[in-house]
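Trainee: Structure incoming, see below.
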Amino acid sequence: MTDEHERLRFETDVPGIWGYWPATPTLWSYSSLKEMEACPRRWMLSRADYPDIWARRGYPSLPVTPAIFGNVVHGVIERLTRALTTAGVRSPAAGDVVGVLGSLGGWRGIVLDAVERELARFDDNPRVSTERVERVRSELVRRAPEAADQVKAFLGRGILPTGAASEPSGEGAATEAPRRRMPAGPGVHAERTVTAEALRVTGTIDQLVLDDTGVTVTDFKTGSEDDAHDEQVRLYALLWQLDKQTNPGGQPVTHLRVVYPSHERSVAVPDAAQMHALEVATAARVAGADQLTAAPPPPAAPSEETCHYCRVKHLCDAYWAAIPPSVSAASPAQWFDFEGTVLRPNGSRSWFVATPTDPAAEVLVRTVETDVPFPIGQRVRLLGVRRSQDPDKPGRLVISMVATSEWYPVVV
Ligand code: SF4
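Sequential numbering of the sequence shown, starting at 0, is according to numbering that gives the first Met the number 0.
Here's what the structure looks like:
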């Protein structure tokens, strides 16, 4: 164990959960820079190593169905694109696509296969039970026709097919060294990685087209419209321009577009001065992110929006001090998180817990399982709970845990 490694070791408020802060990445991606800027602590805690929890990098994540649904749609498009390329299909004519689809099990077969690929990521995840994965699977299977419809909508917008072999994506791999990239020739390229080595930023363009009209960069989105999508494709235009391997001829981008299942929109291509300003601003963002990773512990930036889907909130003291509502203010229709001190059991499935307020109030916490080993006298954090009503005592504050709720003892 080197001194440097030990310097990166950190403890958390949860006994038994400790880790090593991640190193500064060799390359940043659009999403990693954005996440780092939203909350440096979330980015660092999410990507740290936790050797006592599992052998994989980062803190185990929870399945978020809308995010997995988006990945399924992207996965189907990517697989279909490759299959069409292999089959030599050059236009999205219905007959050709149907033939290739049949070999992949039809729309339902290809979607369900993508669902299984996504869910396989949770196979060795110590935080996610088999039952929880099963619930997510049921929801995704129910939405399989919707996923197929979205892919068909993209198909209708010319997202498919490709005329060139695709390179593997590098977007999520913010810490990897740059890979050797082949020049992009005339044609349609799916999932094309572009990297500005000097800037240390990489990205994966969903669709890159080089033809008589110029160079078109397209990103497709399964969610709702967001100005950040425009920012993302502008950054891809910069990366394309600076990538001497993928774009050795220095061809400028002529069209930028963001495609949604229901419509698409053009984004103005930055002119030379705007491109230079974007390069300078991106270099500053990278320098800022580097500085934060080089000097842990990272600062927290709690806000309701940022913390909502944070997978490491139970490890973050800043969150608990600022965001969760008091039990009395929580609506019964709202999921919320709660921190309190365990007082005594009330039965095999309920406990009295004191709120952290001054003065403290007594809350009844109902659990799903029997004899949950809550440590008496210790602080606990409950994630994903609901306020509910006690029919016998309408004035009593009651918190109900559900099958997906989590709890962690904490030392504060
Ligand atoms: S809980 Fe909020 S403040 Fe804490 S790490 Fe997560 S996003 Fe950041």
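From the three backbone atoms N, C-alpha and C, an ideal C-beta is built for every residue, glycine too.
#1: Can you tell me whether L7 is helix, strand or coil according to DSSP?
#2: Let me confirm a value: G222 is counted as buried when at least 16 other C-beta atoms fall within 10 Å, else exposed. Which label applies?
#3: Return helix, strand or coil for G162, following the three-state DSSP convention.
#4: Where does Y19 sit, in a helix, a strand or coil, going by DSSP?
#5: Mind checking whether Y235 and G213 have CB atoms under 8 Å apart?
#6: Mapping the DSSP letters down to three states, classify H188 as helix, strand or coil.
#7: For F351 and E145, I'd like the C-alpha separation in whole angstroms.
#8: What residues in its chain sit with their C-beta under 7 Å from that of D48, if we drop five residues either side in the sequence?
#9: What is the DSSP secondary structure of I398, reduced to helix, strand or coil?
#10: Just the Cα atoms here: how many angstroms apart are E338 and P355?
#11: Can you find the residues in the same chain that come closer than 6 Å, C-beta to C-beta, to V285, ignoring five residues on each side of it along the sequence?
#12: Output needed for R365: all residues of its chain with C-beta closer than 8 Å, excluding positions within five of it in sequence on either side, in chain order.
#13: Tell me where the alpha helix (DSSP H) around S137 begins and ends.
#14: On the criterion of 16 or more Cβ atoms from any shown chain inside 10 Å, does Y308 qualify as buried, or is it exposed?
#15: Just reading off the beta strand (DSSP E) that P295 is part of, what are its end residues?
#16: Examine the ligand SF4 and report whether any of its heavy atoms sits within less than 7 Å of the Cβ of T305.
#17: I'd like the span of the alpha helix (DSSP H) that includes R46, first residue to last.
#18: Assuming V75 and I109 are in contact, meaning their beta carbons sit under 8 Å apart, how far apart are those beta carbons, in whole angstroms?
#19: How is V114 classed by DSSP in three states: helix, strand or coil?
#20: Below 7 Å, is the gap between the Cβ of K312 and the nearest heavy atom of the ligand SF4?
#21: Going by C-alpha to C-alpha distance, which of A66, G249 and R233 sits closest to Q240?
#22: Could you tell me the distance, in whole angstroms, from the CA atom of D225 to the CA atom of E34?
#23: Give me the residue from R8, P21, P185 and Q244 with the minimum Cα distance to Q290.
#24: V150 and L79 - do their beta-carbons sit closer together than 8 Å?
#25: Can you name the residues that DSSP bridges to A195?
#26: Sort P344, V268, E36 and H73 by Cα distance to Q206 and report the nearest one.
#27: What residue range does the beta strand (DSSP E) around R256 cover?
#28: May I have a chain-ordered list of the beta strand (DSSP E) segments no shorter than 3 residues that lie completely inside the stretch 325-358?
#29: Use the C-beta contact count for A329: other C-beta atoms within 10 angstroms, 16 or more gives buried, fewer gives exposed.
#30: Can you check whether the CB of T305 is closer than 8 Å to the CB of R256?
#31: Which of helix, strand or coil does DSSP assign to T412?
#32: In whole angstroms, what is the alpha-carbon distance linking R8 and G104?
#33: What separation, rounded to the nearest whole angstrom, lies between the Cα atoms of P434 and I322?
#34: Please look up how many angstroms separate the CB atoms of A195 and L238, rounded, as I've assumed it's under 8 Å.
#35: Closer than 6 Å by C-beta to W42: which residues in its own chain qualify, once you throw out the five before and the five after it? Chain order, please.
#36: Identify the continuous beta strand (DSSP E) that holds E368 and give its terminal residues.
Mentor: Per the coordinate set shown:
#1: Correct three-state label for L7: coil.
#2: With fewer than 16 Cβ atoms within 10 Å of its Cβ, G222 is classed as exposed.
#3: Note that G162 scores 46 on pLDDT, short of 50, meaning its location in the model is unreliable and no value can be drawn from it.
#4: Reduced to three states, the DSSP call for Y19 is strand.
#5: Going by C-beta atoms, Y235 is not nearer than 8 Å to G213.
#6: In this structure, H188 counts as strand in the three-state DSSP scheme.
#7: C-alpha separation (whole angstroms): 44 Å.
#8: Correct list, in chain order: G18, Y19 and R56.
#9: In the structure shown, I398 sits in a strand (DSSP, three-state: E or B).
#10: If you draw a straight line from the Cα of E338 to the Cα of P355, it is about 7 Å long.
#11: Excluding residues within five positions, the ones whose Cβ falls inside 6 Å are W27 and R199.
#12: Only residues of its own chain outside the window of five on either side were considered, and among them R348, S349, S387, V397, I398, S399 and M400 have a CB closer than 8 Å to the CB of R365, listed in chain order.
#13: First-last of the alpha helix (DSSP H) with S137: T129 to R141.
#14: Answer is exposed; the Cβ neighbour count stays below 16.
#15: Looking at the DSSP string, P295 is not in any beta strand (DSSP E), and its letter there is neither H nor E.
#16: Between the ligand SF4 and the CB of T305, the shortest heavy atom gap is smaller than 7 Å.
#17: For R46, the uninterrupted alpha helix (DSSP H) run begins and ends at P39 to R46, by DSSP.
#18: Indeed they touch by this definition, with Cβ atoms about 5 Å apart.
#19: Note: V114 maps to helix in three-state DSSP.
#20: Correct: K312 has its Cβ closer than 7 Å to the ligand SF4.
#21: When each option's Cα is compared against that of Q240, the closest is G249.
#22: Between D225 and E34, the C-alpha separation is close to 16 Å.
#23: Comparing Cα-Cα distances from Q290 to each of R8, P21, P185 and Q244, the minimum goes to P21.
#24: Against a cut-off of 8 Å, the Cβ pair of V150 and L79 comes out as a contact.
#25: The partner list for A195 (beta bridge, DSSP) reads V200.
#26: Per the Cα distances, H73.
#27: Following the DSSP letters along the chain, one finds R256 inside the beta strand (DSSP E) bounded by residues H254 to V258.
#28: Correct list: 335-346 and 349-353.
#29: Buried: at least 16 other Cβ atoms inside 10 Å.
#30: No, Cβ-Cβ distance for R256 and T305 is not below 8 Å.
#31: No answer is possible for residue 412: the residues shown for the chain start at 0 and end at 411.
#32: Linking R8 to G104 through their CA atoms gives a straight-line distance of about 48 Å.
#33: Any answer about residue 434 is impossible in this case: the structure gives the chain only from 0 up to 411.
#34: Between A195 and L238, the beta carbon gap of about 5 Å places them in contact (Cβ cut-off 8 Å).
#35: So the qualifying residues of the chain are E34 and M35.
#36: First-last for E368: undefined, no H or E at that position.
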